[in-house]
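Worksheet: one structure, shown below.
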Amino acid sequence: MNASVRQVLIALGAVFAWVIVWYHDTSAEILNIWWRSETFAHGLLVLPIFAWLVWRSTDRLVGEPVRPCWAMSLLILFAGTIWLLGELSSVASVTHVALALLLIFSLIGVLGLSLARVLAFPILFLFFGVPIGEFLLPTMMKYTALFTVAAVRMSGVPVYQEGLHFVVPNGRWSVVEACSGVRYLIASLMVGTLYAYLSYRSLKRRLLFVACAIVVPVVANWLRAYMIVMLGYLSDNAIATGVDHILYGWLFFGIVIMLMFWIGGRWREDLAPGVAAPDLRSITTDMPGFSALALRVAPLAVAVAVWPLLLGALERPDAAQHQSLSEVPAMRLTGRWEESAAGASGDFKPSFQGFQQQVLRHFTDGRNRVSVYVAVYAQQGNGRELVNTSNQLLQPSNENWSRVAEVRGPDWGSGPWLHSVLAGRGRSITVLSGYWINGRLVTNDYMAKALLALIKLEGRPDTSAYVAVWASASDERGADEQLEAFRRDNGTNLIDALVALGASG
6 MNASVRQVLI ALGAVFAWVI VWYHDTSAEI LNIWWRSETF AHGLLVLPIF AWLVWRSTDR
66 LVGEPVRPCW AMSLLILFAG TIWLLGELSS VASVTHVALA LLLIFSLIGV LGLSLARVLA
126 FPILFLFFGV PIGEFLLPTM MKYTALFTVA AVRMSGVPVY QEGLHFVVPN GRWSVVEACS
186 GVRYLIASLM VGTLYAYLSY RSLKRRLLFV ACAIVVPVVA NWLRAYMIVM LGYLSDNAIA
246 TGVDHILYGW LFFGIVIMLM FWIGGRWRED LAPGVAAPDL RSITTDMPGF SALALRVAPL
306 AVAVAVWPLL LGALERPDAA QHQSLSEVPA MRLTGRWEES AAGASGDFKP SFQGFQQQVL
366 RHFTDGRNRV SVYVAVYAQQ GNGRELVNTS NQLLQPSNEN WSRVAEVRGP DWGSGPWLHS
426 VLAGRGRSIT VLSGYWINGR LVTNDYMAKA LLALIKLEGR PDTSAYVAVW ASASDERGAD
486 EQLEAFRRDN GTNLIDALVA LGASG
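Numbered according to our numbering, the sequence shown spans residues 6 to 510.
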């Protein structure tokens with residue numbers, strides 16, 4: 006093996022080892038997601054494909070010595086800042102993206118701009134290892150349901166729809182997370198991008214094929230969902246309702262993707278004219294020695310390592326952060342309101358996990374009935390943070406209720422609520438919800454995460470809560486009237502109880 010190629014491969018291995026050692030927790034999180042998640046199982050192939058892409062480029066690395074670029078330290082510091090903020094606010098997707106940026110900027114910095122240009126695609130291909138894309142679930146589920154219902158109706162089958170749930174004459178169907186098409190989209194995008202790189206030379210054809218790799222799986226998933234419903238309807242639910250439901254879906258998707266590759270192959274371009282492979286042993290170049298190289302990469306190495314050290318200093322245990330969390334303060338009731346054993350809407354409750362405490366209380370004044378839910382979080386970390394994709398007012402898989410509307414709600418004195426309308430069982434639930442953080446009500450997930458990160462940076466306890474207040478009636482107007490009656494008598498009392506919660510934490 007040529008000396009310059011050997012030096013490049015050693016540099017690549019050293020960068021991976023250095024980054025993974027310092028960011029081992031985040032690296033382990035990503036590996037765990039690859040291993041357990043069907044949506045991101047493709048991540049297990051990213052590193053082997055990266056290694057293969059580098060190896061097939063070795064003839065282009067001959068005579069190219071490693072020349073570290075100190076300027077990349079600034080980008081590494083930028084990525085490290087993002088990672089630190091992601092850790093402080095417990096946003097896994099941010100830390101995962103930041104780790105990918107840290108790795109990519111470190112590779113470019115250590116190899117140098119000349120080598121980085123040669124290995125641009127393999128390095129950027131590492132982005133496909135980031136387990137991100139679940140934010141697309143609600144949108145893709147929504148449009149899958151809309152297309153399926155419209156297509157079934159056009160086929161002459163009557164359909165009644167409530168959000169992601171719809172009923173045909175002989176069955177009830179729901180668009181759940183597995184039906185969203187996110188898995189198809191992510192897998193198709195990775196494979197399609199690799200195929201475009203290997204099959205075409207012109208940027209135009211590459212971008213066109215990547216665009217097809219995005220559009221085709223989305224449309225294919227819509228057709229797949231329609232096909233499944235029609236098969237179930239026409240067979241009176243004899244087929245396409247059990248394991249074969251998944252089998253038919255993947256079979257159909259596989260056929261569509263293979264067809265896309267077959268059509269794309271008709272415009273395949275030879276990547277380069279045939280040339281003789283160089284004799285790697287005969288080419289030499291001036292290369293820096295180990296000591297000189299280590300000195301040049303030192304600023305880059307320090308820029309990578311500083312952020313885990315800073316995080317450890319910020320999260321150093323202190324008395325304030327280890328106070329025991331007292332009971333959720335009881336709310337003082339005024340007017341004719343009193344606590345009730347029965348809830349406002351049967352078994353409905355927001356779906357939250359990882360809390361330190363949760364309280365569900367029901368109140369009535371004899372005419373109106375309102376429920377209040379509070380989930381309290383403190384000393385937040387992975388799996389026990391307030392703002393998390395697993396924590397939702399209504400899970401998409403819930404078959405009893407559907408979210409039909411969501412707008413900015415009223416302000417009871419500490420910020421506007423999020424006003425959500427749920428439908429199901431011939432009833433309507435109106436829910437006012439939000440995050441209680443640092444004495445204010447926040448409804449935006451990103452704002453909530455930013456406030457929690459700021460609290461940690463200031464070294465203060467991160468005690469916070471999710472709060473939901475709801476009422477149920479035969480229509481939205483009736484539920485709104487019950488909530489307004491509760492606000493008039495006890496809106497201030499609820500805010501006072503939340504303020505006391507923050508003080509006790």
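All residues carry an ideal CB built from backbone N, CA and C; glycine is no exception.
Just so you know, these numbers come straight off a predicted model, no measurement behind them.
Backbone secondary structure at residue i - three-state DSSP
i      : result
PRO415 : strand
VAL364 : strand
GLY439 : strand
GLU463 : coil
PHE171 : strand
GLY317 : helix
TRP312 : helix
ARG210 : helix
ALA76  : coil
TRP422 : strand
ILE372 : Correcting the residue type first, residue 372 is Arg in the shown sequence and not Ile. Of the three classes helix, strand and coil, the one that applies to ARG372 here is coil, per DSSP.
LEU93  : helix
ARG273 : coil
ARG65  : helix
GLY429 : strand
ILE25  : helix
GLN166 : strand
ILE434 : strand
SER395 : coil
SER185 : coil
ALA306 : helix
TYR202 : helix
ALA458 : helix
Spatial distance of residue i from residue j (CA atoms)
i      : j      : result
ILE244 : ALA192 : 27 Å
THR433 : ALA484 : Note on identity: in this sequence residue 433 is Ser, with Thr being the wrong assignment. In a straight line, the C-alpha of SER433 is about 7 Å away from that of ALA484.
THR153 : VAL224 : 11 Å
ALA470 : TRP441 : 5 Å
GLU404 : LEU503 : 32 Å
ALA230 : VAL135 : 27 Å
GLU139 : VAL157 : 27 Å
MET452 : LEU446 : 11 Å
ILE444 : ASN498 : In the sequence under discussion, the amino acid at residue 444 is Gly, which differs from the Ile named in the question. Each residue's Cα considered, the two are about 14 Å apart.
VAL472 : SER438 : 6 Å
SER32  : LEU315 : 18 Å
ILE460 : ILE500 : 20 Å
GLY431 : ALA380 : 28 Å
VAL162 : SER185 : 22 Å
GLY300 : TRP40  : Just to set this straight, residue 300 is Leu in the shown sequence, not Gly. Roughly 38 Å between the two C-alpha positions.
LEU104 : ARG65  : 28 Å
TYR200 : PHE214 : 9 Å
TRP23  : LEU107 : 11 Å
ALA16  : ALA428 : 58 Å
PHE171 : LYS147 : 12 Å
MET263 : VAL102 : 30 Å
TYR378 : PHE368 : 11 Å
Outcome for residue i when other beta-carbon atoms lying within 10 angstroms are tallied against a minimum of 16
i      : result
GLN487 : buried
PRO415 : exposed
PRO278 : In this prediction, PRO278 scores a pLDDT of 49, lower than 50, which makes its location untrustworthy; no coordinate-derived value is stated.
TRP312 : buried
GLY317 : exposed
ASP352 : exposed
SER207 : exposed
SER402 : exposed
LYS209 : exposed
ASN373 : buried
GLU344 : exposed
LEU388 : It is Gly, not Leu, that sits at residue 388 in the sequence shown. By the neighbour-count rule (16 or more Cβ atoms within 10 Å), GLY388 is not buried but exposed.
Identified DSSP bridge partners for residue i
i      : result
VAL377 : ARG366 and VAL474
TRP178 : PHE171
LEU469 : According to the sequence shown, residue 469 is Ser rather than Leu. In DSSP, SER469 forms a bridge with TYR382 and ILE442.
GLU343 : THR369
VAL447 : TYR440
ALA410 : VAL426
SER356 : GLN397
Beta carbon proximity, residue i to chain B, threshold 8 Å
i      : result
ARG211 : Absence of chain B from the displayed structure is noted, only one protein chain being present.
Anticipated Cβ contact below 8 Å, residue i with residue j, distance rounded
i      : j      : result
ILE38  : PHE130 : That belief does not hold up - the Cβ atoms of ILE38 and PHE130 are roughly 18 Å apart, past 8 Å.
MET145 : VAL187 : 6 Å
ASN396 : GLN362 : The Cβ separation is near 14 Å, so there is no contact.
ARG413 : SER425 : The Cβ separation is near 11 Å, so there is no contact.
TRP417 : GLY340 : No, TRP417 and GLY340 are not in contact; Cβ-Cβ is about 15 Å, not under 8 Å.
VAL375 : VAL474 : 6 Å
SER94  : ALA455 : 7 Å
GLY114 : ILE81  : 7 Å
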